[in-house]
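Visitor:
Numbering (the working numbering), first residue to last: 469 to 920.
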């Protein structure tokens with residue numbers, strides 16, 4: 469038995485390459501059959517593209533399906549180009565319906581149509597139905613492979629039904645109670661059935677305390693709901709509570725990872741991309757980054773324009789220039805802190821835009837406390853450094869005002885964007901810092917003109 473691990477995988481990679489080159493496919497299949505899908509995916513990343521298809525073709529069917537579902541979009545697309553129709557059909561029939569939908573929605577329309585035509589009629593109808601839901605909706609994420617039982621069945625009848633149909637279901641940890649028109653009336657944990665008397669009716673076990681989600685809801689809402697109520701599976705219904713499918717925890721984890729990755733990219737002023745960094749080309753990474761960087765570079769001219777407006781003041785007292793970096797950095801850091809806290813509160817549902825007035829009150833108080841503390845620190849530091857009382861007062865007051873303003877701006881902008889249905893994550897640190905560079909300089913030089 470070969471135990472797959474990072475070290476073992478690295479040691480065996482040269483041997484795997486040699487087996488591919490010598491076309492010793494029987495030994496290759498024996499070795500890879502003992503590996504975990506995730507380790508095979510990592511191996512695929514470490515071998516030449518021409519060798520990947522050879523490796524993939526020798527995998528046992530079930531293992532090939534698992535490996536394929538772990539690959540990113542570009543890798544899946546490249547493999548599909550090189551596989552025969554029979555191999556693709558076998559592969560796609562092994563994939564859960566929701567995973568098939570994920571692949572279809574990423575592929576060009578012509579390729580998707582070709583793949584749909586390969587599938588049997590029932591699977592094709594199923595795929596078309598899931599693709600009919602809006603992108604990023606719960607309907608795209610759900611699978612119709614679940615087990616449903618009736619309230620008037622006995623526990624024995626229900627368990628027999630689960631035995632018969634459970635092998636095709638995504639999960640049987642939870643089964644669903646439906647009426648004769650297939651409306652969802654309750655969920656039923658499997659352990660509850662196993663522990664109940666065989667002749668007991670399902671309706672006697674029902675508590676009608678369950679959660680469901682509408683098929684047209686955003687996928688992020690499913691993430692929030694499952695996280696809030698600690699669910700491993702969530703039923704999906706239409707507007708008439710007709711049971712359409714289920715969402716499982718593994719699907720939700722994928723969505724959550726995508727959302728977090730997207731927010732991180734936006735927070736760094738990078739246009740989000742859906743493929744792995746290692747498989748992304750230089751040109752695609754360049755395109756994702758250059759737009760925001762060019763925008764921020766142009767916006768940076770505004771800071772220079774503000775300084776040029778006050779060049780006479782700077783010319784008279786050059787000492788003012790010494791404190792520009794610390795003032796601007798303090799404002800940017802304060803705004804980034806408050807924006808991060810508020811964005812996280814919005815994402816988790818702890819905060820809603822309706823509570824904006826409470827946020828203003830709280831952040832004004834916090835900003836004032838922070839401003840006084842930082843203002844006193846920089847007033848003292850500048851006085852001991854330059855021994856100029858007026859300059860120290862300007863620096864201290866500027867820090868106080870900039871901190872209050874930065875804290876308020878960083879907390880209100882995410883709420884404003886959420887209110888107008890934009891993603892708060894686009895208030896990235898560089899963009900927020902650019903805004904505060906301009907306003908911070910205006911505050912600093914404005915106070916200097918008043919005091920000097």
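Glycine included, C-beta positions come from ideal geometry on N, C-alpha and C.
Would you kindly check if the distance between the Cβ of residue 839 and the Cβ of residue 808 is under 7 Å?
Guide: no
Visitor: Just verifying my parser: in three-state terms, what is the DSSP assignment at residue 556?
Guide: helix
Visitor: Which runs of the alpha helix (DSSP H), 4 residues or longer, sit entirely within the region 556-643?
Guide: Positions of the alpha helix (DSSP H) runs, each at least 4 residues long and wholly inside the region 556-643, are given as 565-574, 577-586, 589-599, 606-609 and 623-633 in order along the chain.
Visitor: If I follow the unbroken alpha helix (DSSP H) through residue 839, where does it start and stop?
Guide: 824-854
Visitor: Residue 924 by DSSP, collapsed to three states: which one?
Guide: No answer is possible for residue 924: the residues shown for the chain start at 469 and end at 920.
Visitor: Taking the alpha carbon of residue 591 as the reference point, which residue from 612, 602 and 573 has its own alpha carbon closest?
Guide: It is 612.
Visitor: Would a C-beta distance cut-off of 7 Å place residue 640 and residue 656 closer than the cut-off?
Guide: no
Visitor: Give the single residue among 820, 615, 829 and 848 whose Cα lies nearest to the Cα of residue 887.
Guide: Of the candidates 820, 615, 829 and 848, the one whose C-alpha sits nearest the C-alpha of residue 887 is 820.
Visitor: How long is the line joining the alpha carbons of residue 856 and residue 850, rounded to whole angstroms?
Guide: 8 Å
Visitor: Mind checking residue 920: buried by the 16 CB within 10 Å criterion, or exposed?
Guide: exposed
Visitor: Between the alpha carbons of residue 937 and residue 885, how many angstroms are there, rounded?
Guide: Because the chain in this structure spans residues 469 to 920, residue 937 falls outside the shown range and cannot be described.
Visitor: Helix, strand or coil, according to DSSP, for residue 915 in the structure here?
Guide: helix
Visitor: For residue 711, name the three-state secondary structure that DSSP assigns.
Guide: strand
Visitor: Considering only C-alpha positions, which residue in the set 622, 636, 606 and 599 is nearest to residue 562?
Guide: 636
Visitor: Report the partner residues of residue 669 according to the DSSP bridge assignment.
Guide: 622
Visitor: So, is residue 596 buried or exposed, given that buried needs 16 or more other C-beta atoms within 10 angstroms?
Guide: exposed
Visitor: Going by DSSP, which residues form a beta bridge with residue 682?
Guide: 705
Visitor: So what does residue 654 bridge to, in DSSP terms?
Guide: 645
Visitor: Counting only the same chain and skipping the five closest in sequence on each side, list residues whose C-beta sits under 6 Å from that of residue 701.
Guide: 639, 642, 714 and 716
Visitor: With distance defined between alpha-carbon atoms, name the residue in 810, 566, 558 and 607 nearest to residue 682.
Guide: Across the set 810, 566, 558 and 607, the C-alpha of 607 shows the shortest separation from the C-alpha of residue 682.
Visitor: With a threshold of 8 Å, are at least 3 pairs of Cβ atoms found where one atom belongs to the region 833-848 and the other to the region 897-915?
Guide: no
Visitor: Once you ignore the five residues that flank residue 633 on each side, which residues in its own chain have a CB closer than 7 Å to its CB?
Guide: 615
Visitor: For residue 490, which of helix, strand or coil comes out of DSSP?
Guide: coil
Visitor: For residue 801, which of 524, 812 and 879 has the nearest alpha-carbon?
Guide: 879
Visitor: Specify the secondary structure class of residue 901 as computed by DSSP and reduced to three states.
Guide: Three-state result, residue 901: helix.
Visitor: Have a look at residue 1000 and residue 869 and give me their C-alpha separation to the nearest angstrom.
Guide: The chain is shown only over 469 to 920; residue 1000 falls outside these bounds and no answer can be derived.
Visitor: Any contact between the region 623-630 and the region 683-693? By contact I mean 3 or more CB pairs, one from each, below 8 Å.
Guide: no
Visitor: Can you tell me the Cα-Cα spacing of residue 699 and residue 711, whole angstroms?
Guide: Distance between the alpha carbons of residue 699 and residue 711: 17 Å.
Visitor: Taking the continuous alpha helix (DSSP H) assigned at residue 857, which residues delimit it?
Guide: Per DSSP, residue 857 is one residue of the alpha helix (DSSP H) stretching across 857-887.
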